[in-house]
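Note sheet for the following structure.
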Amino acid sequence: MSKKLHVKELAERIEDEDDTLTKLELQSLSIDENDLTTLLEPLKNSKIVKELNLSNNESLDDHSVGVLCDIISSCKSLNKIYLEGTLYTKISTILHAIKITESIEDATLPEAATEDELDLLDAILEERERKD
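Each residue of the sequence shown is one higher than the one before, starting from 0 at the first, in numbering that gives the first Met the number 0.
Okay, structure coming up:
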């Protein structure tokens, strides 16, 4: 099955609230901006998806950061996002989306993140942990 068909099928399963899709393990699948756009609307309405792993997708770069942040901020069930091995450099934009999204409990950032940005992520996640 081609990646394009796989992503489209995945989007349909998310729309159908397939309860086997609590974790989207999309690492190392050459996911790109078009794929994120395909997943955006279904994820906005999802009450099932808890974890999104986009690690090691080098096609994900700053061209798709807006779509990524839309997913983070609109998928209210999402509580884990993993981004290591992606080429995002607009880390402050990603951090802002994580900060305003109360549901995110765990996250990794791309390698481009500075120590200060990693510290900020830790502070955001630790604050959430204290609230719970």
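Beta carbons: idealized from backbone N, C-alpha and C, even for Gly.
Keep in mind that this is a model prediction, so the values were computed, not measured.
Beta-bridge analysis with DSSP links Asn44 to no other residue.
Counting the other CB atoms within 10 Å of its CB gives Ala122 a total below 16, which places it among the exposed residues.
A residue is called buried when at least 16 other Cβ atoms come within 10 angstroms of its Cβ; Asn33 does not meet this threshold and is exposed. Taking C-beta separations shorter than 7 Å and ignoring five residues to either side along the sequence, the partners of Ser72 in its chain run Ala96, Ile99, Thr100, following chain order. Glu16 and Leu39 have their C-alpha atoms some 14 Å from each other.
Cβ-Cβ separation between Ile93 and Val64: approximately 7 Å, consistent with a contact (criterion under 8 Å).
Under the 10 Å beta carbon count, Thr19 is surrounded by fewer than 16 other beta carbons and is classified as exposed.
Ser54 counts as buried, since no fewer than 16 other beta carbons sit within 10 angstroms of its beta carbon.
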